[in-house]
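Asks: The listed protein sequences derive, respectively, from chains X and C. Note that this note's numbering has the first sequence beginning at 297, numbered continuously upward. Note that this note's numbering has the second sequence beginning at 9, numbered continuously upward.
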Amino acid sequence: MNSPSPVTVSSPAGSIYDLGYRHYEGPRRGRVWAMWSLFVESFRGAWGFGRPMSAKAAPFILAGLYALPALFQLAFASVIVQEMSSGSETQLMTYRSYFGMFYFLVIFFCVAQAPELVCRDQRYHVLPLYFTRSLSRVEYALARLASLAAALFLLLMVPCVALFIGDILMKPDTFKAIGDELPKALPALPANALIAAGLSALSLTVSSFSSRRAYSAIALVAYVLLAEAVPSAISAIGHNSDWTWTDNLFALTPVTSLIGASDWFFGQVLDPREFAGSLTADAYVVVALMSVVIFTLILLLRYRRLPA
Amino acid sequence: MALIEASGLTKHYGQVKALEKLDLTIEPGIIGLVGANGAGKSTLLKILLGILTPTSGRASVLGMDTVRETRGIRQVVGYMPEHDCLPPDVGATEFVTHMARISGLPRTAARERTAEVLRHVGLYEERYRQMGGYSTGMKQRVKLAQALVHDPKVLLLDEPTNGLDPSGREEMLDLIKRTGTEFGITVVVASHLLGEIEQVCNYLLAIDAGHLLSAAPISHFTQRTPVLAIEVEEGADQLVAALAAKGARARQDGSRVLVAIESDALYDVVRDAVADLALPLVRMQQERGRLEDLFRDTAPEQVAR
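1. According to DSSP, is V254/C part of a helix, a strand, or is it coil?
2. Nearest CA to the CA of F398/X: which residue from V407/X, A366/X, L450/X?
3. Pull up the distance between the alpha-carbon of L548/X and that of I555/X, whole angstroms please.
4. Should M107/C be flagged as near chain X, meaning a C-beta pair shorter than 8 Å?
5. Considering Cα atoms alone, identify which of S393/X, A584/X, Y320/X, R601/X is closest to S483/X.
6. Is Q138/C helix, strand or coil by DSSP?
7. Against chain C, does F356/X count as a neighbour if the rule is that its beta carbon must be under 8 Å from one of theirs?
8. Could you say which of L450/X, F405/X, R509/X lies nearest to P411/X if we only look at CA atoms?
9. Given this structure, state the Cα-to-Cα distance separating T144/C from A437/X, to the nearest angstrom.
10. With 7 Å as the limit, tell me which residues of the region 76 to 91 of chain C have their beta carbon closer than that to any beta carbon of chain X; keep them in chain order.
11. Taking contact to mean at least 3 C-beta pairs separated by less than 8 Å, is the region 402 to 419 of chain X in contact with the region 490 to 505 of chain X?
12. Straight-line CA distance for D216/C to Y21/C?
13. Can you tell me where the beta strand (DSSP E) holding Y580/X begins and where it ends?
14. Rounded to a whole number of angstroms, what is the C-alpha to C-alpha distance between H158/C and V454/X?
15. Taking only three categories from DSSP, how would you classify G316/X?
16. Taking C-beta pairs closer than 7 Å, name the residues in chain X that G112/C reaches, listed in chain order.
17. At a CB-CB cut-off below 8 Å, which residues of chain X make contact with A256/C?
18. Measuring alpha carbon to alpha carbon, tell me which residue in D73/C, G40/C, I39/C is nearest S15/C.
19. Please report the straight-line C-alpha distance between D578/X and L545/X, rounded to a whole angstrom.
20. Could you have a look at R76/C and say whether DSSP puts it in helix, strand or coil?
21. According to DSSP, is S15/C part of a helix, a strand, or is it coil?
22. Alpha carbon to alpha carbon, how far is E379/X from R119/C? Give it in angstroms, no decimals.
23. Check whether the Cβ atoms of V248/C and P288/C sit closer than 8 Å, and answer yes or no.
24. Show which residues of chain X have a CB atom less than 8 Å away from the CB atom of V98/C.
25. If I measure Cβ to Cβ from A250/C and keep anything under 8 Å in the same chain, skipping five residues before and after, which residues do I get?
26. Can you list, in chain order, the residues of its chain whose CB lies under 6 Å from that of V125/C, leaving out five sequence neighbours each side?
27. Need the endpoints of the beta strand (DSSP E) that A117/C sits in, please.
28. Closer than 7 Å by C-beta to P160/C: which residues in its own chain qualify, once you throw out the five before and the five after it? Chain order, please.
29. Should P550/X be labelled buried (16 or more other beta-carbon atoms within 10 Å of its own) or exposed?
30. Note down the Cα distance separating G112/C from I184/C, rounded to an integer number of angstroms.
31. Over what stretch of residues does the beta strand (DSSP E) that includes D538/X continue unbroken?
32. State the Cα-Cα distance for the pair A256/C and N45/C, rounded to the nearest angstrom.
33. Measuring alpha carbon to alpha carbon, tell me which of A493/X, T552/X, V520/X ends up nearest L444/X.
34. Within 10 angstroms of its Cβ, does H128/C collect 16 or more other Cβ (buried), or is it exposed?
35. Quick check on DSSP: helix, strand or coil for G86/C?
36. Alpha carbon to alpha carbon, how far is T540/X from L478/X? Give it in angstroms, no decimals.
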């Protein structure tokens, strides 16, 4: 016991500082705290905090790119005001149209960060450490899902806030402008929440089926591309051939159906000329909520079967 | 109330019978769980943790049922898995703090306990570095630290010395011993290495193919047994016959002769027998029963009985 190895703190040199082992007498919190802790760690992880610098690159670059157009509109607010006062038709980006224009960056964010949240623990066998603590499999999966949804919600809201500020700055009377703009801007909150829920459930579930980030990312890209392209193509063919059963296939697409659902909050409907279907915004909302539920159930089943 | 109890514990994976009607009682201490690979050690630990459900039978930890009161058990049990379980891209401090919170410790307590536990396992300035760059010895220490961080009453260690070099092995065993004796935490060490168990444990459970072979204090196995081993270069069979003729109970074991020591007079009997036969005697020694004997078909004690 007198060897100078760091383990034997009973060696003379170590004993000066060694307070001995002290038992923990303080409070022990339950599953809600455990879930909250995992949620926080996971949310930070989704943005690369607590990880090396290289892990921050993807989420921040993508978030920056996604917010960039809105920031431009904000930066050039005064120029736009002059143009509009001189009578030119300036098409402004709106809260409603923004996601539809730049959704691919949000998808990239999912592809980059959803595997980060679920593949790591499988790949490095961290799951047994969670499942032997006060956290059940269901609670683990739900905490991870909530954190990705929160990260996506933040990502989606940044440009909306920029648009909001820009719109206010374009008006001469700031207080009146806030009053005018707020009702137009508020639907962006539930709309983006629904988009965040839909995309996080989809991407986390697909990612959880592999322990390798790369495979998960490829699977996710493949799923989004195919699920987006196949119904669109079939319904386009159907449109030209005067079939009727193909009209509402757009409900099966992951992104378009979410855009359709988010329109509900703005009191609008997907343009039926562009999208062959005759679905109402209500129907898209139902479809979006159903997809959240179904993907979440698949996720929970997946975690039920994972070995610990 | 015993610390850990199991009765009729059975676990089948399809056709494979991992545990078969296991009955055991574990009292506080450092308990060695020995068995060959695949004997059912990990399965038993996982049932005690509540991550596996037994096919039949029941088990309890501190009086809590492993199936119905899993959450209660997990607050007072720490688990160190056999395999790697550390993500490479975070530091030990960050990881162990996170695990402490998942175990229910509030933020500040989690940070304090992490610092304390990492110091106990002997991880110092390197604890902020990413764990991907750690040596096996350091990783094993972090694995032990995360099992200790919430101050469990029972620590379940699955092959804690896996992959360690001899000096790392000694340090880990020393650490386990201190945890059990100084910290007052009951430690269950699963291992296939008897030598290690002999070194740190004070109680031994031997399982083989899902059955309990034996359960007893370690001193029971390592007591000196009254058996004399005589090594001769030739004529072992003659010696056995000569000793038997003089009323001693002797048995041949290869080139050795094992004799039950029933009285001090036996030494004289042996001396005379060897001298009479003019056998080339190499050595005589009293046999010390060792744990290996548990897993051998011909244990020296058998002669004595």
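Here a beta-carbon is modelled for each residue, glycine too, at the ideal position from N, C-alpha and C. Note that the structure is a prediction, hence the values are computed from the model and not measured.
Replies: Reading off the structure:
1. With the sequence shown as reference, residue 254/C is identified as Lys, and Val is not the correct amino acid for it. If DSSP states are grouped into helix, strand and coil, K254/C belongs with coil.
2. Of the listed residues, the one whose Cα sits closest to F398/X is A366/X.
3. 12 Å
4. A Cβ of chain X is located within less than 8 Å of the beta carbon of M107/C.
5. The sequence given here places Pro at residue 483/X; Ser does not occur at that position. That would be S393/X, whose Cα lies nearest to the Cα of P483/X.
6. strand
7. Not an interface residue.
8. R509/X
9. 30 Å
10. R79, R82, Q83, Y87, P89, H91
11. yes
12. 16 Å
13. Premise fails: Y580/X lies in the alpha helix (DSSP H), 577 to 601, not in any beta strand (DSSP E).
14. 39 Å
15. coil
16. Near G112/C (Cβ distances below 7 Å), the residues of chain X are R324, R325, G326, W329, A330, S430.
17. In chain order: nothing, as chain X lies at least about 44 Å away.
18. D73/C
19. If you take the alpha carbons of D578/X and L545/X, they lie about 15 Å apart.
20. coil
21. Three-state DSSP puts S15/C in a strand.
22. 57 Å
23. no
24. G346, R347
25. A281, D284, L285
26. Contacts found: A153, L156, V157.
27. No beta strand (DSSP E) contains A117/C, which is instead part of the alpha helix (DSSP H) from 115 to 128.
28. V84, V85, G86, I193
29. buried
30. Whole-angstrom Cα-Cα distance: 24 Å.
31. Looking at the DSSP string, D538/X is not in any beta strand (DSSP E), and its letter there is neither H nor E.
32. 40 Å
33. A493/X
34. buried
35. strand
36. Near 40 Å, if we compare the C-alpha coordinates of T540/X and L478/X.
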